[in-house]
Amino acid sequence: MQLALQIVTNGLLLGGLYALLAVGLTLIFGVLRVVNFAHAEFMMLGMFGTYWIWRLAGIDPYLAVLLVVPLIFALGIIVDRLVLQRTIGAPEVTVVFATLGLSILMQNAALTMWTADIRSVTTDYSGMVFRAGGIRISVPMAISFVVAMMAAAALWLFLTRTLYGKAVQAVAQNREAAALMGIDVRRVYMWTFATAVAAAGAMGGLIAPLFTVYPTVGTSYIVAVFVIVVLGGLGSVPGAVLAALVIGLTEAIAGYLLGTAWAELATFIIFLAVLIARPQGFFGRRGAETFGGR
Amino acid sequence: MRLATILGGAVLLAVLLAVPLVVTNLFWLNLAITVLLWAALASAWNILGGLAGGLSLGHAAYFGIGAYVTTLLFLRLGISPWLGMWAGAALAAAIGAGLATITLRLRGPFFVLATLAFGIVIHIVAVNWREVTRGAAGLVLPFSGGPENMMFAGLAPYWYIGLALVGLCVGTTIAIRRSRLGYYLVALREDEDAARSLGVRVVQCKVIASAISAALTALAGTFYATFVQYIDPASTTQFNISVQIALVAIVGGMGTVIGPVLGALVVVPLGELSRAYLGGGPALMVYGLLLIVIVLAVPRGIAGGIESVTRHLRRRRNS
Numbered sequence: 064m065q066l067a068l069q070i071v072t073n074g075l076l077l078g079g080l081y082a083l084l085a086v087g088l089t090l091i092f093g094v095l096r097v098v099n100f101a102h103a104e105f106m107m108l109g110m111f112g113t114y115w116i117w118r119l120a121g122i123d124p125y126l127a128v129l130l131v132v133p134l135i136f137a138l139g140i141i142v143d144r145l146v147l148q149r150t151i152g153a154p155e156v157t158v159v160f161a162t163l164g165l166s167i168l169m170q171n172a173a174l175t176m177w178t179a180d181i182r183s184v185t186t187d188y189s190g191m192v193f194r195a196g197g198i199r200i201s202v203p204m205a206i207s208f209v210v211a212m213m214a215a216a217a218l219w220l221f222l223t224r225t226l227y228g229k230a231v232q233a234v235a236q237n238r239e240a241a242a243l244m245g246i247d248v249r250r251v252y253m254w255t256f257a258t259a260v261a262a263a264g265a266m267g268g269l270i271a272p273l274f275t276v277y278p279t280v281g282t283s284y285i286v287a288v289f290v291i292v293v294l295g296g297l298g299s300v301p302g303a304v305l306a307a308l309v310i311g312l313t314e315a316i317a318g319y320l321l322g323t324a325w326a327e328l329a330t331f332i333i334f335l336a337v338l339i340a341r342p343q344g345f346f347g348r349r350g351a352e353t354f355g356g357r
Numbered sequence: 042m043r044l045a046t047i048l049g050g051a052v053l054l055a056v057l058l059a060v061p062l063v064v065t066n067l068f069w070l071n072l073a074i075t076v077l078l079w080a081a082l083a084s085a086w087n088i089l090g091g092l093a094g095g096l097s098l099g100h101a102a103y104f105g106i107g108a109y110v111t112t113l114l115f116l117r118l119g120i121s122p123w124l125g126m127w128a129g130a131a132l133a134a135a136i137g138a139g140l141a142t143i144t145l146r147l148r149g150p151f152f153v154l155a156t157l158a159f160g161i162v163i164h165i166v167a168v169n170w171r172e173v174t175r176g177a178a179g180l181v182l183p184f185s186g187g188p189e190n191m192m193f194a195g196l197a198p199y200w201y202i203g204l205a206l207v208g209l210c211v212g213t214t215i216a217i218r219r220s221r222l223g224y225y226l227v228a229l230r231e232d233e234d235a236a237r238s239l240g241v242r243v244v245q246c247k248v249i250a251s252a253i254s255a256a257l258t259a260l261a262g263t264f265y266a267t268f269v270q271y272i273d274p275a276s277t278t279q280f281n282i283s284v285q286i287a288l289v290a291i292v293g294g295m296g297t298v299i300g301p302v303l304g305a306l307v308v309v310p311l312g313e314l315s316r317a318y319l320g321g322g323p324a325l326m327v328y329g330l331l332l333i334v335i336v337l338a339v340p341r342g343i344a345g346g347i348e349s350v351t352r353h354l355r356r357r358r359n360s
């Protein structure tokens, strides 16, 4: 029983981390209709940014995050201008492969600048654990979980309760109609993309005290996050959060039962099963995969 | 016109056959054979990705299946790669047909993500099924020279085998484009619903295209295994390989006959030279940048770009 609770807790905490990445990825898909293959690379930059600020200036990683996020937001605006804006109305191959090229470019730029060395941020609280009813919970993991959930909730409130949020939803529903209603579609794209990648960068900063940093760290997350956004329904924020927790749990349980190597396989089998049986996921709309203005 | 085409073809063939006689430097000959390998892979990918519009990010799986099946049959049962290659191709074709059947309804990014997941499943199996694949340690094809095992002391025979492989892939592409299947594929790529309503058997077409594409990719896997004589998951089934196969075809020109070959001629030497002079990281940065620039500026690739330039010039001359 104790063990089961511990596994469930670990799974949910992991799911919370995934949620922050997944929410941004699903939002970019919902609004821009682009699967952002480079999403986890922004997380990697967040990790490196936090690492270097901690290493060179001795600033606590959780404070460093506050510096890193605006930088990644700015980078997001630049990348949106140079790449994402140009994929609007372009053929499918452009939409898919532009961000894949971006991912390759960012990974190898990091490799060139910072080498493939594995680095880690060590703080007093990196290994700190608190016990609740016999269950051990890693303190930085819990902090990341709470921040991720709060960020997802704030995003949800923004989307549903504010006029700007409604403009974003309008663009997601129908690009042309939104433009006709006087919404500046390009601006909505820009803010959506920059906010989503900044969230990925924030997640990078939050997990920097927990996990090692290296240029290809994103690849170990991105596929799990793809599974999550498809499972939740591409474009659905609540779906992404729910699916993140489901996948976190699945990985923890399968990892215990099958060992970590084969547990990865479980995630993909679920992925293929969902794609085949219910491609719109938990909350996605049918036909959401069609590209272009609708 | 027809005579000129035949003459031109004969000259091209003579030049290609003479390459190992002229290029004796091992580095350059090795590079030339690598170009052939990627030209074959990209052409095979193009049958599904370019002709049928199924952008696959999982083709490394078929490449790995070809390489592993051949190697294992040779190591365990002593079956020559000349026979093993057909077993690998048949298995890949069956899996390709199966994958097409279950991913049939998926469109756009869902199809891409499904192929990606499939590729990673095969990679995870290759890494973790250690009793058979020896995992990350890889498998060595013991050199037992002689044409009967597709292993040779010199490089020249590999050039000719590679040339035959590219010929097979390009020839298959031409045959498909001229056949009824080719027109069906173009129709369903442009507008699947319209094609279906006009009576195109969408299911059948996609399954056939996927199977052919997978089988040819597996043959290239066999070629790679006998050429390098060492295979491991990192060099065969890894996601990077799937990306590079697609990249070569896209840079060259998706959906065209000659595009994937042009892509290999440009991308492979560019990659090798930038790796030699700049190092591994910058070389891959070049790939990433090239991919972004090509898909944003000329999504129809080099061949598509040349085509529109010549059409423009011709129109200008006529007017």
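If you read the protein sequences in the order shown, they are chains A and B. Sequential numbering from 64 applies to the first sequence in the numbering used here. Sequential numbering from 42 applies to the second sequence in the numbering used here. Each residue gets a CB set at the ideal place from its N, CA and C atoms; glycine is no exception.
- Distances from the CA of A55 of chain B to each of B:Y201, B:A290 and B:Y103 were compared; the closest alpha carbon is that of B:Y201.
- The C-beta distance from M266 of chain A to G109 of chain A rounds to 7 Å, short enough to fall under 8 Å.
- Among the bridge pairs identified by DSSP, G187 of chain B is matched with B:M192.
- Rounded to whole angstroms, G50 of chain B and M107 of chain A show a C-alpha spacing of 51 Å.
- Judged by pairs of C-beta atoms under 8 Å, the stretch 271-289 of chain A does not touch the stretch 239-258 of chain A, as fewer than three such pairs exist.
- Contact between the stretch 155-171 of chain B and the stretch 98-110 of chain B is present, with at least three C-beta pairs closer than 8 Å.
- Contact between T313 of chain A and A329 of chain A holds, with the beta-carbon distance rounding to 6 Å and staying under 8 Å.
- Chain A has a Cβ within less than 8 Å of the Cβ of Y328 of chain B.
- Rounded to whole angstroms, K247 of chain B and I151 of chain A show a C-alpha spacing of 27 Å.
- By the Cβ neighbour-count rule, R357 of chain B is exposed, with fewer than 16 other Cβ atoms within 10 Å of its own.
- The contact set of V146 of chain A on chain B, defined by CB atoms closer than 9 Å, consists of I333 and L337 in chain order.
- Using a Cβ-Cβ cut-off of 9 Å, A153 of chain A is close to V336, L337 and P340 of chain B, given in chain order.
- Interface with chain B (8 Å Cβ-Cβ cutoff): R199 of chain A is excluded.
- Rounded to the nearest whole angstrom, the CA to CA distance from V166 of chain B to A305 of chain B is 29 Å.
- At least 8 Å separates the CB of W115 of chain A from every CB of chain B.
- Out of B:A344, B:W170, B:V284 and B:L325, the CA that lies nearest to the CA of V159 of chain A is found in B:V284.
- V244 of chain B is positioned such that its CB atom lies no closer than 8 Å to that of L229 of chain B.
- With respect to chain B, the C-beta atom of E104 of chain A has no partner C-beta closer than 8 Å.
- Per DSSP, reduced to three states, the secondary structure at I272 of chain B is strand.
- In the assembly as shown, N359 of chain B is an exposed residue. Its beta-carbon has fewer than 16 other beta-carbons within 10 Å.
- Secondary structure of A101 of chain A (DSSP, three-state): coil.
- Judged by DSSP in its simplified three-state form, V210 of chain A adopts helix.
- Under a 10 Å Cβ-count criterion, A340 of chain A is classified as exposed, with fewer than 16 other Cβ atoms of the shown protein chains found around its own Cβ.
- The alpha carbon of G94 of chain B has as its nearest neighbour, out of B:G346, B:F280, B:P310 and B:A290, the alpha carbon of B:A290.
- Taken atom to atom, the span from the alpha-carbon of L319 of chain B to that of N71 of chain B is near 20 Å.
- V309 of chain B has a beta carbon lying at 8 Å or more from every beta carbon in chain A.
- Look at the stretch 237-252 of chain A: it has no residue with a C-beta under 9 Å from a C-beta of chain B.
- Distance between A211 of chain A and V98 of chain A, taken at the CA atoms: about 21 Å.
- Taking 7 Å as the upper bound on Cβ-Cβ separation, chain B lies near residues E155, V156, T157, V159, F160, A161, L163, G164, L165, I167, L168, N171, A172, L174 and T175 of the stretch 155-179 of chain A.
- Bridge pairing for L180 of chain B: B:I272 [DSSP].
- Taking the CA atoms as reference points, A262 of chain A sits about 58 Å from E189 of chain B.
- Short of 6 Å from the beta carbon of A257 of chain A, and not among the five residues preceding or following it, lie these beta carbons of its own chain, in chain order: F136, G139 and I140.
- Within chain A, the residues whose beta carbon sits less than 9 Å from that of I143 of chain B are L335, L338 and I339, listed in sequence order.
- With a cut-off of 8 Å on Cβ pairs, the stretch 222-235 of chain A is not in contact with the stretch 65-84 of chain A, counting fewer than three such pairs.
- Take A235 of chain A, set aside five residues on each side of it, and the residues of its chain with a beta-carbon closer than 6 Å to its own are G93 and V94, in chain order.
- Closer than 8 Å to the CB of A324 of chain A there is at least one CB belonging to chain B.
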